[in-house]
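Since the structure comes first, as structure tokens, the remarks are kept for the end.
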Amino acid sequence: MLKYLFRRNEDIPPGTAAVFFGFSSIIWFVVGTGLGSFNAAKLAFPDFVTGSELFSFGHMRQVHVLAVIFGWISMAFAMAMMYITPALGNTKLWSEKLGVWNCFLWNVGLSLGLTLLWFGMTSGREYSDFPWAIDLYIAAFIALPMALNVWMTILKRRTQGIYTTNWFFGAGVFMVTIVFIVGNSPEFFNLTGLSEAYLTWWFAHNVLGLWITPIAAAIAYYTVPKVTGNPLYSHRIGHLHFWSVVVFYSTPAAHHLMSAPLPEWLKSFASVEGVLILVPAIAFVSNLLLTMTGKWHMFVENVEIKYTITGVMLAIPLNMQGGFQQTRAINWYIHGTGWIVAHAHLALLGFSTFLEAAAVYYGLQTILRRKLYSLALANFHFWFLLIGFAIYWISMTIAGLIQGAGKIYEVPYIDVVIAEHPYMIARWIGGTMVFTGNIVWLYNMYMTAKAGTEIPEGRLPHELAYER
Amino acid sequence: MAFREYKIGSRLFGVALGGSMVITLYMPTVDMTSVAVTEMGLTKQLSYGRIGGFSYEDPFLRGDGKPKTVVLNKDPKTNEPIETVQAFVYEAGTPFPSGINHPRTLGPGATELSTAQGRIEEANHDNGAVFVISRATHNGETVNYIENASATRGWQPSQVLNAAGDANTHLIGSGKIMFVREGCWWCHTLLPEQTQDWQYFGIPPRLGDYNGESPTAFGSDRKAPDLLHVGSRNASKEWMMMHFFNPRLVQPHSIMPRYDYLWGENDADGKAIDYDAWRTAYNDYAHGKTVIPPDVPNYAADSEIRYLIDFIMSLK
Chain A
194 MLKYLFRRNE DIPPGTAAVF FGFSSIIWFV VGTGLGSFNA AKLAFPDFVT GSELFSFGHM
254 RQVHVLAVIF GWISMAFAMA MMYITPALGN TKLWSEKLGV WNCFLWNVGL SLGLTLLWFG
314 MTSGREYSDF PWAIDLYIAA FIALPMALNV WMTILKRRTQ GIYTTNWFFG AGVFMVTIVF
374 IVGNSPEFFN LTGLSEAYLT WWFAHNVLGL WITPIAAAIA YYTVPKVTGN PLYSHRIGHL
434 HFWSVVVFYS TPAAHHLMSA PLPEWLKSFA SVEGVLILVP AIAFVSNLLL TMTGKWHMFV
494 ENVEIKYTIT GVMLAIPLNM QGGFQQTRAI NWYIHGTGWI VAHAHLALLG FSTFLEAAAV
554 YYGLQTILRR KLYSLALANF HFWFLLIGFA IYWISMTIAG LIQGAGKIYE VPYIDVVIAE
614 HPYMIARWIG GTMVFTGNIV WLYNMYMTAK AGTEIPEGRL PHELAYER
Chain B
136 MAFREYKIGS RLFGVALGGS MVITLYMPTV DMTSVAVTEM GLTKQLSYGR IGGFSYEDPF
196 LRGDGKPKTV VLNKDPKTNE PIETVQAFVY EAGTPFPSGI NHPRTLGPGA TELSTAQGRI
256 EEANHDNGAV FVISRATHNG ETVNYIENAS ATRGWQPSQV LNAAGDANTH LIGSGKIMFV
316 REGCWWCHTL LPEQTQDWQY FGIPPRLGDY NGESPTAFGS DRKAPDLLHV GSRNASKEWM
376 MMHFFNPRLV QPHSIMPRYD YLWGENDADG KAIDYDAWRT AYNDYAHGKT VIPPDVPNYA
436 ADSEIRYLID FIMSLK
């Protein structure tokens, strides 16, 4: 890939940037889930690897979170944008060279930022942990080049209208840039006090609401019609989804701080808007599931559809939790417990990861013109991901309910820790299964690039039979 | 151009996102910046210094460039006994906190009093300064404000540190850095919730408790007890030492990591700490071969664990 950095744009084969992003994202996924498994082991067995600050939980926890968000999820998004945006505009990517540089600088910047975090150089703000210099790097060399490439590709399209997926891509790269710069402004300008606390969670909420959720959904809007051959069930419901994301999902940031001394009107407003998140969620899920009409056999037979529809269906519990757990009564019980940890993993490891994995599986086969190396390994990955995630989610939800009960009924804290111990072991087993599945995935995709059956011109990957 | 240009859509998008920004950014900011600082808020920002995370003065988060909090029983200039007062010593070059640099952030009342009576604008960062918290009546209400004791009482940083002595000097600001760097806040919140916390762990924070603090490090996940008032319910330094060195010494079921590495290389007497020997002795104890665990070494005066314990004990 690096050889293309200094080639002329015309000499770089179309799809190069997407392949670079695709493999980078898988590698970051292996790294991120490996760190997650390591951290989970430390919570189950606190004396596992001690004596060095570099391997203490407090130094590794944020590296896991940001490796997964900025490495796996966001790079898989960039991968999807680099091949889906031009495909839907019936054109080429605006600048393949910019895309390759974007990916190179992304890997360099993220490695540097995570190393600094690992050594403890943090801003002390959750989800915006990077020091401000890294924040500026991310804005200038990661977010803006990606946004520029996506916008220019949409503007230079050779189709009349813009398909749903590209509305989300175009709006998403814009919104994440704004959210990132505004959300990190306390570090640039040394804002303090409640403004700083509120902006921390304003960023954390909006990076999910205006970046991860809509872009993951946009990928499903592409994958399902493309692979099943069915047209999208309803363009209008797509409109409802898009506009309700912009209006409702951008406003409930304060519901992350329901027990903090923020202005009461803000908390009430955020809580009501938080329930309205169900509008885009229901629009999205119903639209996609109705698109599957007549093609439900593909949910079993086709790898990409299996991943995508699993992700779509995980959006149902995700949004039912998300809509209601932030209302005052329920938040009082579960805030700060393992329930929230389970919910965050449902959003990132459940819902969005399954959608992105489908995009990476499908995109790499399409661009490399090679059929997936092994169906068996893909199924192994799918089930390890799903079962590992399910073990994690269920065990952490139970642990969270125990913590909530302990909190409400005045149980001495250490008794809660003792009661949680079996679930901490379960979470470690679940996380390790996810990590194992991802190593297999990396091998499967590497072998696809090396030894996958070549796909003849004019055929789609899923039209060919598997050889293994 | 023959293609659709989406003029209405992109304008509506601007209106929708702009409207959401007005409601979620502009309106709360107007509200939150009008809050008057409390005594707790002043104590925190004066003892923590400018920034509690990555900063110019402390890029590697070692606790550099932070003020010292001292307890004084006598006037450092005249040596006359005075009523016990907490003073915040900013030695030459130590950056001032937000409230000194931007008095406006102290909120109504405290801004006017700190400037007029507290003379904080005379404080010079190159010479250093000593601040105390004072109280006066403003528009019929009792208001806490910052007093620049270097200007009003002529106290110099070195005088104050000498008068207080090392035992009464607390490196709380550097300790907040340790709290952030070591990720204590990934498991311990600084935000009691409306549950047992308010009876058992202490009163909830108020609106003005945070002016000038950055980062606030509320934390979001409670794998462990809330720490906002931990200094009130446990004031034993010996317990803290054992708990930080190896939490299983005082709480066998704890899942907290060991923070023994914060002791550094040498103990209070300048002797090298033999961690391997300690671990061997501890393992014998943990496996039931011996009855008494090994002693936790006394920490050196400039060790990182001192910073952290000073910070934790300051959470009252």
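For the record, the sequence lines run as chains A and B. Heads up, our numbering is the position in the first sequence plus 193, with the first residue counted as 1. Heads up, our numbering is the position in the second sequence plus 135, with the first residue counted as 1. We put the beta carbon where it would ideally sit given N, CA and C, even for glycine. As the structure is a computational prediction, the values presented were derived from the model and not from experiment.
- Between residue 352 of chain B and residue 317 of chain A, the CB-CB gap stays under 8 Å.
- A contact between stretches requires three or more CB pairs, one per stretch, nearer than 8 Å, and the region 269-276 of chain A fails this requirement with the region 237-250 of chain A.
- For residue 514 of chain A, the closest Cβ of chain B is not nearer than 8 Å.
- Taking a Cβ-Cβ threshold of 8 Å, none of the residues of chain B is close to residue 420 of chain A; the smallest such distance is about 27 Å.
- Contact holds between the region 326-340 of chain A and the region 292-309 of chain A, because three or more Cβ pairs, one in each stretch, are under 8 Å apart.
- In the displayed model, residue 216 of chain B falls within a strand according to three-state DSSP.
- Distances from the CA of residue 546 of chain A to each of A:488, A:405, A:210, A:565 were compared; the closest alpha carbon is that of A:405.
- For a Cβ distance threshold of 9 Å, nothing in chain A lies close to residue 303 of chain B: the least Cβ distance comes to about 28 Å.
- By the criterion of a C-beta distance shorter than 6 Å, residue 382 of chain B is surrounded in its chain by 389, 391, once the five residues flanking it on both sides are discounted.
- If you compare the alpha carbons of A:597, A:638, A:382 with that of residue 217 of chain A, the shortest gap goes to A:638.
- Interface residue (Cβ-Cβ distance to chain A less than 8 Å): residue 248 of chain B is not classified as such.
- In this structure residue 160 of chain B is not in contact with residue 232 of chain B, their Cβ atoms being roughly 24 Å apart against a cut-off of 8 Å.
- Here the region 430-445 of chain A makes contact with the region 461-478 of chain A; the two share three or more CB pairs at distances below 8 Å.
- At a cut-off of 8 Å between beta-carbon atoms, residue 497 of chain A makes no contact with chain B.
- DSSP, reduced to helix, strand and coil, places residue 203 of chain B within a strand of the structure shown.
- A residue is called buried when at least 16 other Cβ atoms come within 10 angstroms of its Cβ; residue 326 of chain B meets this threshold and is buried.
- Residue-level contact check: residue 365 of chain B does not touch chain A, since none of the beta carbons of chain A fall below 8 Å from its beta carbon.
- The C-beta of residue 157 of chain B has fewer than 16 other C-beta atoms within 10 Å across all chains shown, which makes the residue exposed.
- At the C-beta level, residue 334 of chain B and residue 212 of chain B stay beyond 8 Å of one another.
- At a cut-off of 8 Å between beta carbons, residue 485 of chain A makes no contact with chain B.
- Residues of chain A whose Cβ lies closer than 7 Å to the Cβ of residue 306 of chain B do not exist, since the nearest Cβ in that chain is about 17 Å away.
- Per DSSP, the continuous beta strand (DSSP E) segment holding residue 280 of chain B begins and ends at 276-283.
- Taking the Cα positions, residue 399 of chain B is about 58 Å away from residue 646 of chain A.
- Against chain B, the CB of residue 538 of chain A has no partner CB under 8 Å away; the residue lies outside that interface.
- Across the set A:410, A:522, A:656, the C-alpha of A:410 shows the shortest separation from the C-alpha of residue 359 of chain A.
- Judged by DSSP in its simplified three-state form, residue 348 of chain B adopts coil rather than helix or strand.
- Cβ proximity to chain B below 8 Å picks out nothing from the region 329-340 of chain A.
- Annotation for residue 512 of chain A: 470, 471, 474 place their beta carbon closer than 7 Å to its own, counting only its chain and skipping 5 residues before and after.
- Here residue 366 of chain B has 447, 448, 449, 450, 451 as same chain residues with Cβ atoms under 7 Å from its own Cβ, once five neighbours each way along the sequence are excluded.
- Distance from the CA of residue 308 of chain A to the CA of residue 326 of chain A, rounded to the nearest whole angstrom, comes to 14 Å.
- Following the DSSP letters along the chain, one finds residue 268 of chain B inside the beta strand (DSSP E) bounded by residues 264-273.
- Counting along the chain, residue 555 of chain A sits inside the alpha helix (DSSP H) bounded by residues 546-561.
- In this chain, the alpha helix (DSSP H) harbouring residue 325 of chain A covers 325-330.
- Across the structure, residue 388 of chain A and residue 169 of chain B are spaced so that their CA atoms are roughly 11 Å apart.
- Residue state for residue 323 of chain B is assigned as coil, using DSSP reduced to three classes.
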